[in-house]
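Residue numbers (full-length UniProt numbering): 1 to 178. Glycine included, every Cβ here is placed at the ideal spot set by N, Cα and C. Worksheet: the structure to be examined is printed underneath.
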Amino acid sequence: MQSRNGSLEQWAIVANSSWMHGKRYDISEGTLTIGRSAQADITLPSNHLSRRHAQLQRTGNAVMLQDMASMNGTFVNGNRVKKVPIKHGDQLRFDTFTFLVEGPHEGQETIIRRPKKTPFAAAKKSAVKIVKVKMTRPTSPGNRLEPGRKRRPQAFTIAASTLTAGCIGYLIYLVFFS
1 MQSRNGSLEQ WAIVANSSWM HGKRYDISEG TLTIGRSAQA DITLPSNHLS RRHAQLQRTG
61 NAVMLQDMAS MNGTFVNGNR VKKVPIKHGD QLRFDTFTFL VEGPHEGQET IIRRPKKTPF
121 AAAKKSAVKI VKVKMTRPTS PGNRLEPGRK RRPQAFTIAA STLTAGCIGY LIYLVFFS
């Protein structure tokens with residue numbers, strides 16, 4: 001699709017996470033390779049990224065994203081993809097790096113319509129019973145809710161410090177004055 005002045009619309013991906021937040025990569029006509037390799041057009045430093053992880057192919061005003069058989073996958077809006085056209089507002093993810101797609105978006109805007117409140121819906125909402133759910137502890141070590149470290153009473157800390165200082169003082173006395 002061409003703009004009103006006859007030129008092609010601009011496409012780009014903009015980093016929206018990690019230390020790269022705000023970094024913009026323009027998508028020009030042709031193919032861009034994304035990966036950890038220095039030969040990639042967009043190099044992302046991550047051990048979990050393939051050397052040639054994915055590629056963006058722009059033809060006119062259409063952009064296609066293709067996973068290059070990467071081990072950890074390429075995601076668009078949270079879904080793992082192999083080859084898919086992308087549009088303005090899509091979120092791309094390669095390992096921990098996420099990007100927002102900027103491009104022509106005529107007629108692609110999402111409109112959120114909220115239902116009108118009716119007296120019946122308001123009454124139904126207020127009649128909802130709140131149920132407490134007992135949470136069970138997760139089983140994997142990284143997800144466990146570990147109890148916090150117990151604090152010692154302040155009197156114990158003061159007594160231990162005083163005893164330590166006294167012992168050190170006595171040792172100094174023995175070394176230098178005996």
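(request) For the beta strand (DSSP E) containing Gln55, list its first residue and its last residue. (result) As a working mapping, residue 55 is identified with position 55 in the sequence shown. Membership of Gln55 in the beta strand (DSSP E) is indicated by the continuous run 54-59.
(message) Please state the DSSP three-state secondary structure of Thr74.
(response) Numbered from 1 along the sequence shown, position 74 holds the residue referred to as residue 74. Here Thr74 sits in strand by DSSP.
(message) On the DSSP letters alone, give me the boundaries of the alpha helix (DSSP H) that Gln154 sits inside.
(response) Taking the sequence shown and counting its residues from 1, the one referred to as residue 154 is at position 154. Where Gln154 is concerned, the enclosing alpha helix (DSSP H) starts and stops at 154-177.
(message) With H, G and I counted as helix, E and B as strand and the rest as coil, what does DSSP make of Met64?
(response) As a position in the sequence shown, residue 64 is number 64, starting the count at 1. Strand, per DSSP.
(request) Give me the Cα-Cα distance between Leu174 and Ser46, rounded to the nearest whole angstrom. (result) Reading the sequence shown from its first residue, position 174 is the one you call residue 174. Reading the sequence shown from its first residue, position 46 is the one you call residue 46. Cα-Cα distance, rounded: 59 Å.
(message) Pairs of beta-carbons, one from the region 87-107 and one from the region 7-23, closer than 8 Å: are there three or more?
(response) Touching, per the Cβ criterion.
(message) Out of His48, Asn79, Ile86, which one is the CA nearest neighbour of Gln55?
(response) Counted from its first residue, the sequence shown places residue 55 at position 55. When each option's Cα is compared against that of Gln55, the closest is Ile86.
(message) Tell me which residues share the same chain as Tyr25 and place their Cβ nearer than 7 Å to its Cβ, disregarding the 5 neighbours each side in the sequence.
(response) Position 25 of the sequence shown, counting from 1, holds the residue named residue 25. Cβ within range, chain order: Ala12, Ile13, Ile42.
(message) Quick check on this structure: which residue in Leu44, Thr59, His53, Arg52 has the alpha carbon closest to the alpha carbon of His21?
(response) Start at 1 with the first residue of the sequence shown, and residue 21 comes out as number 21. Answer by Cα proximity: Leu44.
(message) Judging by CA-CA distance, which residue of Ala62, Arg58, Gly103, Thr74 is the nearest neighbour of Arg52?
(response) As a first step, residue 52 is located in the sequence shown; it is residue number 52 there, counting from the start. Nearest option by C-alpha distance: Thr74.
(request) Excluding the 5 residues preceding and the 5 following Asp90 in the sequence, name in chain order all residues of the same chain whose CB lies nearer than 7 Å to its CB. (result) Residue mapping note: residue 90 aligns to position 90 of the sequence shown, counting from 1. Around Asp90: Val76, Asn77, Val101.
(request) Please name the residue in Ser50, Leu65, Gly30, Ser28 whose C-alpha comes closest to that of Ala38. (result) Start at 1 with the first residue of the sequence shown, and residue 38 comes out as number 38. The shortest C-alpha separation from Ala38 is found at Ser50.
(request) Identify every residue that forms a DSSP beta bridge with Thr33. (result) As a position in the sequence shown, residue 33 is number 33, starting the count at 1. As DSSP reads the structure, Thr33 sits in a beta bridge with Gln55.
(message) Pull the bridge partners of Asn79 from the DSSP assignment, please.
(response) Residue mapping note: residue 79 aligns to position 79 of the sequence shown, counting from 1. DSSP, once it has assigned bridges, lists Val76 as partnering Asn79.
(request) Quick one: give me the first and last residue of the beta strand (DSSP E) that Glu100 is part of. (result) What you label residue 100 is simply residue 100 of the sequence shown in a count that begins at 1. Looking at the sequence shown, residue 100 is not Glu but Leu. First-last of the beta strand (DSSP E) with Leu100: 97-102.
(request) Measure the alpha-carbon distance for Asn61 versus Val84 and round it to whole angstroms. (result) Position 61 of the sequence shown, counted from the start, is the residue given in the question as residue 61. Position 84 of the sequence shown, counted from the start, is the residue given in the question as residue 84. Going by the C-alpha atoms only, they are around 15 Å apart.
(request) Please report how far the alpha carbon of Gly103 lies from the alpha carbon of His88, in whole angstroms. (result) Against the sequence shown, residue 103 aligns to sequence position 103. Against the sequence shown, residue 88 aligns to sequence position 88. In this structure, the alpha-carbon of Gly103 lies about 5 Å from that of His88.
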